[in-house]
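Protein chains in written order, with my numbering: chain A, 44 to 765; chain G, 44 to 765. Cβ coordinates follow ideal geometry from the N, Cα and C atoms, glycine included. Note that the coordinates shown come from a computational prediction; the quantities given were computed from them, not determined experimentally.
There are 2 protein chains.
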Amino acid sequence: MQSGQTNLRKDTDYQQTLALDARQQTIIAQTPNLQQGTPEQMRATLRAYFLSTFDCYESLFDCLASDEGYYRKSISLRHPLIFYYGHTATFFVNKLLLARLIDQRVDQNFESIFAVGVDEMSWDDVNEAHYSWPSVAQVKVYRDRVRALVLEVIDTAPLALPIDWNNPWWAIIMGIEHERIHLETSSVLIRQHKVALVKKSPQWQALTQSAKAPSNQLLEVPAGRVVLSKGKSDPLYGWDNEYGQHQADISSFEASQYLVSNQEFLAFVEAGGYLNFHYWEQEGRDWLEFSQAQQPTFWVKKTQGWYLRLMTEEVPMHWDWPAEVNYHEAKAFCNWKKAETGLAVRLPSEDEWYRLCDHVGLNTAHPTTANYQLQLGASSCPVNLCQQGDFYDVVGNVWQWTETPIYPFDGFEVHTIYDDFTTPTFDERHNLIKGGSWISCGNETLYAARYAFRRHFFQHAGFRYVVSGDLKPVPSSHYETDKLMSEYAEFHYGDEYFGVVNFSKNLVDLAMSILGDREKVKALDLGCASGRATFELARHFDQVAGVDFSARFITQGVLLASGEMLRYTLAEEGDLVAYKARSLAELGLAATQHRVEFSQGDACNLKPQLTGFDFILAANLIDRLYKPAKFLGSIHERLNIGGVLMLASPYTWLEEHTPKEDWVGGFKKDGESFTTLDGLQAQLAKHFRLLHGPQEVPFVIRETKRKFQHSLSEVTFWERIL
Amino acid sequence: MQSGQTNLRKDTDYQQTLALDARQQTIIAQTPNLQQGTPEQMRATLRAYFLSTFDCYESLFDCLASDEGYYRKSISLRHPLIFYYGHTATFFVNKLLLARLIDQRVDQNFESIFAVGVDEMSWDDVNEAHYSWPSVAQVKVYRDRVRALVLEVIDTAPLALPIDWNNPWWAIIMGIEHERIHLETSSVLIRQHKVALVKKSPQWQALTQSAKAPSNQLLEVPAGRVVLSKGKSDPLYGWDNEYGQHQADISSFEASQYLVSNQEFLAFVEAGGYLNFHYWEQEGRDWLEFSQAQQPTFWVKKTQGWYLRLMTEEVPMHWDWPAEVNYHEAKAFCNWKKAETGLAVRLPSEDEWYRLCDHVGLNTAHPTTANYQLQLGASSCPVNLCQQGDFYDVVGNVWQWTETPIYPFDGFEVHTIYDDFTTPTFDERHNLIKGGSWISCGNETLYAARYAFRRHFFQHAGFRYVVSGDLKPVPSSHYETDKLMSEYAEFHYGDEYFGVVNFSKNLVDLAMSILGDREKVKALDLGCASGRATFELARHFDQVAGVDFSARFITQGVLLASGEMLRYTLAEEGDLVAYKARSLAELGLAATQHRVEFSQGDACNLKPQLTGFDFILAANLIDRLYKPAKFLGSIHERLNIGGVLMLASPYTWLEEHTPKEDWVGGFKKDGESFTTLDGLQAQLAKHFRLLHGPQEVPFVIRETKRKFQHSLSEVTFWERIL
């Protein structure tokens, strides 16, 4: 039945918007303001924005010479283009379903085939399942049905303005902006196809303008503060990673006036740059060994000399066009340049790119000229064509690699209907690219846009180099996904469940009520795990040491103490997770960060310098020690006389942690029940008196959205008397 | 220092009570009424009761010929007598500590050595650790110190009458009654010693009276009801197993007028009874093979004929004295007798012994004559000496084996300071002995007394046989100790924690509010586990089937449906446990027991007869199925049209239960989050409509005293429409 419908498409009236004329280019160029106008105006705007995008994307496939171009992979790591042809349509259906703008699928089978092949953000792990692709005509029919469906939604679905992050219509813009990303990435795949598989298309003509490359030079970018802050009230669509706050003070640095041209890059190639591992970072060496590259991927060496592969053709090298390379090649060039010049040449950080942007005024105004939004044509252009301030191509022409792995800003949260857009790239293996290319449209060309790719990947991307001091460390982007670590992050810093107040805070508050006006100089949080009680103690003590046997746990406290966000996933149901982040500031603990010190240590064998404490907390520790008697028998040595030891434990003795013969209690001794409290009294009697307790303090550890450990910790306070 | 004190003992005035004269025998004979008189009278009574017991016990050791008798084991399965010499004193210290009548130990080392060697109720698993026993003199000094301590407590501790189960003074009576038990068991150990190790003592003289044995005959015991009911308000001390209620209607039966005499037993021995496995039960055969016994253990074959071993001497056989044997020998005798006579000869049940007691009037009066409480001497006597009604020795002379393994009465609970007195014997391997022996005193001679021993063990015990029909099944005595089973018993039938109401009850109440006045004939509780919801449903439905994959779980529901108590241990801390029991009646569910039927079954492959239901509950089931799609795809076949399926689950998908490809939800499907609810909607859509929900219902599973699982189960109701 589906194939019978294929002939209809030429007759449908909306096909008339296919040709990309100047008016349409303007429509497609910019992502709309989502707060302006009436609902009817908004419907009209989105109708045009959708149609220009959807149809522009289809027209890109006119660059394929035949059906073979749809089914042959252009690179081994990604699906063939037939997948991407269907994928952008399926994406609309999926997101509209999640937003409840529609309530049923268009085609269950296609929507399974076209949903996920390769996560566009984690390129290099293609699932090698056998796909049985449908025909191009079948997919076109499917696209037409989706096109009609989206138009129907735009025309008829209830619409309450503004369209913001929480509005169901966000899904529509998301679908359009998603297709714009694929417009660009599919153009790269077409460019990576064998020339025989592609053909020229009148809508996708490359520029031809080329001359001798300019001589690059370093210009100063003065010091300044970069402030990035996109809120939910911003009128323009954004991907999750753009929201939140970030600021940085950037020292003055020098940056190359132009992007590195093919001419400039040639010197590196001719200097044997691809043969000299010395210039390459370790990951770059691995890539070089794997790829056996000897020049940039779009350079073609012919007997008559160097040619340049464009999207649909090979042309004699345009030496004044930007060199298009991956991060590793760009980085190797910088290292070579550094060696050649003795200058601290490297790629800019993301912050430095923003500083450059601000310096040339692009934070407040659009560029007067830029090779982006398909405004000049379907290719790069000379690096000295589009001037922006003293520099060229700060935005446009090709993307520019940075030194910065993508990381979330403070306040980052995922969008519920697309929770894996960015999070899988928070792995310090995806570097940010900035500025957009000739085909970047809509969100991609916004100042706030942040896209990141694996460092070995190719886009229409090149680079500008800078001469500057050391890089600031990259903010952490790691999400704690280990089950136990995540559970403890939530246990210490997360939400409260069943009305049970935060355990660490509760313990410290209780301790303060017992300690009264005793000396509060030094405290020790032994078995500090993720460290919350360490920070809570530092509200009251001048110095607090957090010690845990597990170096992994310590990292969470260290991260927070350094002012960073602690990010972790929360298990929801099955494999589904939520994303969460907390900072000390949110918990009112920012002032404590310089009074804590975390270290790895063994409570049964403490380092000698850990001594002279006024207070020691051992929360949920004793029933996890391999030899609790060693701890109980020596801990007085670390406390000042009159100092207080606070023990809290559910006494969950398990042989996997503590051999049964070393349990403090919880067994029959000489025929009678001998509790852990009995054992504590016996083992501590020599140096301590029981000051307060026992008292039970509840705690809750979240395992999934619907499963929790709910426990009671018995708390006792012991004063050192001897 | 301790040895330096040994010379003091002869001089202390309380040694004057040592000799057992007639007055003291009366004092020791009966356990005191704990509700009578003034506190000062009570102190005087307990002082005398304690002293007569403590000193009588010490005098028993005068029967040992030398120190060697203290240190050589009389039987391999138990400690040497030095242990028992110290043990009864240590027991006082331990229980007084637990009752907080004292606050420190007398001797830490001795109290470790003498606390537990062999649990007197589980004889055959001696810990073969190396003991380094103190000298007899050292132990005597220790006993003297304990004696003085107990007297001081009796004389000075605060005393509020009455002394009942919850009164700290209960520990004092417990110590005394405990020592009386050891008076008897130690006398057996002395009797089992080699003759060379013992000696006659003027205080412990055996009777010499003996003549030709009478000819035994069967007398009728008329039918009647046995009612046993000891409450906490009873004025006489009791062990935990005596409390609670039990009643039974006993058909008329015949019982032997006399205990089986040595003469009567000789016929069995001479008939080759010990050589013919045919007469022995399996467990008896194992014992026979192990022991190589050829006659009763206290019979001694000499060249001049059969002798009888008494406590301190061997005498020519007293043929008219009772044969003393273990259960296996008694049972084999009955089987032989049955074969010889063609009559249904066996041992009496505990209930039949009580019926006999009632028949001869011993439920309302003490016997006018009985060989017990050391009234006649330190040995058995002829079986035709003490007449009680038409019978002889219904109480006294030797204990009488019954067919009944000890079990708890309804209402049984352990005493907190001695929680392992009886519970370890609830294993269907310990049979009750009744009636007491010549040395039984105090609690042991009460009508309510219930002692049980391993069936292969020796006491001063023999038997009477009965001719009667089949034995009634023994009430269950098993305590569920398996961790998961116990947790579920508590989850379904136990207490509520954190204010979360019983999950099963909550679900059924919710179901009733949703079902309204729909048909309520047949309901199915699928994955019923311990069965609480099955019973709760049976409040409303005529027939309820409870089905679970685990036959072990089913046993709990089956047990309760049969009217029995469900007994289980609760993990407290480490290895410590509490004991718990619940019945349907306590939960107001007694009326439901005949409307439920439990069976083992697989929710993914149900038996064909399970159909035609108006309501099906699947609580916390789907995420434990190996193939939930099979269940969801076929469950409509078991429901009437218009019937309702109720699903409840925390959706805790785990690969150990369900392969990931079979999860209903909780994963990314075609790139999007696909929840279990999404999956349920997809899989049930064909035959069901969502009637109500989703709604979360909390539940709590107790793991230890301080550790709980606290979860939320998502509940949905689905009406079958097709």
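Beta-bridge partners of residue i, as assigned by DSSP
{"i": "A:GLU757", "result": "A:SER692, A:GLU739"}
{"i": "G:PRO448", "result": "G:ASN474"}
{"i": "G:THR340", "result": "Looking at the DSSP assignment, G:THR340 forms no beta bridge with any residue, so it has no partner."}
{"i": "A:THR747", "result": "A:LYS750"}
Cβ-based neighbour list, residue i, same chain, cut-off 8 Å, excluding 5 preceding and 5 following
{"i": "A:LEU226", "result": "THR96, CYS99, TYR100, LEU103, ILE482, CYS484"}
{"i": "G:TYR669", "result": "CYS647, HIS700, THR701, PRO702, ASP705"}
Residue range of the alpha helix (DSSP H) that includes residue i
{"i": "G:LEU194", "result": "179 to 199"}
{"i": "A:TRP213", "result": "213 to 235"}
{"i": "A:LEU723", "result": "719 to 727"}
{"i": "A:ASP552", "result": "546 to 558"}
{"i": "G:ARG90", "result": "82 to 103"}
{"i": "G:LYS374", "result": "370 to 384"}
Contacting residues, own chain, Cβ-Cβ under 7 Å from residue i (five flanking each side not counted)
{"i": "G:GLY559", "result": "none"}
{"i": "G:PHE760", "result": "ILE557, VAL687, MET689, LEU734, HIS735, GLY736"}
{"i": "G:GLN45", "result": "Residue confidence for G:GLN45 is low, a pLDDT of 35 falling below 50, so the modelled location carries little weight; the figure read from the coordinates is stated next. Closer than 7 Å at Cβ, skipping near neighbours: GLN181, VAL184."}
{"i": "G:LEU602", "result": "SER519, LEU609"}
{"i": "G:LEU250", "result": "LEU419, GLY420, SER422, CYS424"}
{"i": "A:GLY722", "result": "VAL707, GLY708"}
Boundaries of the beta strand (DSSP E) in which residue i is found, first to last residue
{"i": "G:GLU297", "result": "296 to 299"}
{"i": "G:THR612", "result": "609 to 616"}
{"i": "A:LEU351", "result": "348 to 352"}
{"i": "G:ALA566", "result": "565 to 569"}
{"i": "G:GLN586", "result": "586 to 591"}
{"i": "A:TYR622", "result": "619 to 625"}
Chain A contact residues for residue i, given Cβ-Cβ distances below 9 Å
{"i": "G:ASN137", "result": "ASP713, GLY714, GLU715"}
{"i": "G:TYR622", "result": "Within chain A, no residue comes near G:TYR622; the closest Cβ sits about 12 Å away, beyond 9 Å."}
{"i": "G:TRP282", "result": "Chain A residues near G:TRP282: none, gap ~16 Å exceeds 9 Å."}
Amino acids of chain A, ordered along the chain, whose beta-carbon sits closer than 7 Å to that of residue i
{"i": "G:THR612", "result": "Chain A residues near G:THR612: none, gap ~13 Å exceeds 7 Å."}
{"i": "G:LEU141", "result": "GLU715"}
{"i": "G:GLY709", "result": "GLU616, GLY617, ASP618, LEU619"}
{"i": "G:TRP176", "result": "In chain order: nothing, as chain A lies at least about 16 Å away."}
{"i": "G:TRP208", "result": "In chain order: nothing, as chain A lies at least about 18 Å away."}
Under 7 Å by beta carbon: chain G residues contacting residue i
{"i": "A:VAL264", "result": "Those do not exist, as A:VAL264 stays about 41 Å from chain G at its closest Cβ, beyond 7 Å."}
{"i": "A:ALA158", "result": "ASP713, GLY714"}
{"i": "A:TRP213", "result": "Neighbours of A:TRP213 on chain G: none; closest Cβ ~15 Å, over 7 Å."}
Closer than 8 Å to chain B by CB, residue i
{"i": "G:ASP618", "result": "Included in the structure are the protein chains A and G, with no chain B among them."}
Chain G contact residues for residue i, given Cβ-Cβ distances below 9 Å
{"i": "A:TRP706", "result": "GLY617, ASP618"}
{"i": "A:THR719", "result": "GLU616, GLY617"}
Neighbouring residues, chain A, relative to residue i (Cβ below 8 Å)
{"i": "G:SER754", "result": "ARG749, LYS750, PHE751"}
{"i": "G:GLU154", "result": "ASP713"}
Chain G contact residues for residue i, given Cβ-Cβ distances below 8 Å
{"i": "A:PRO693", "result": "THR747, ARG749, LYS750"}
{"i": "A:ASP462", "result": "SER716"}
{"i": "A:PHE541", "result": "PHE541, HIS753"}
{"i": "A:GLU757", "result": "ARG749"}
Other residues of its chain near residue i: CB distance less than 6 Å, five sequence neighbours each side excluded
{"i": "A:ASP54", "result": "Summary for A:ASP54: the model assigns pLDDT 27, below 50, so the residue's position carries little reliability; its value from the coordinates is reported in the next sentence. Same-chain partners within the cutoff: there are none."}
- [ ] Taking 8 Å as the threshold, find out whether the region 301 to 320 of chain A comes into contact with the region 375 to 391 of chain A through three or more Cβ pairs.
- [x] The answer is yes - the region 375 to 391 of chain A touches the region 301 to 320 of chain A, with three or more Cβ pairs under 8 Å.
Task: the region 461 to 476 of chain A touching the region 440 to 450 of chain A, judged by at least three CB pairs closer than 8 Å - done: yes
Open item on the list: For the region 276 to 295 of chain A against the region 453 to 469 of chain A, do three or more pairs of beta-carbon atoms, one drawn from each stretch, fall closer than 8 Å, so that the two count as touching?
Closed with: yes
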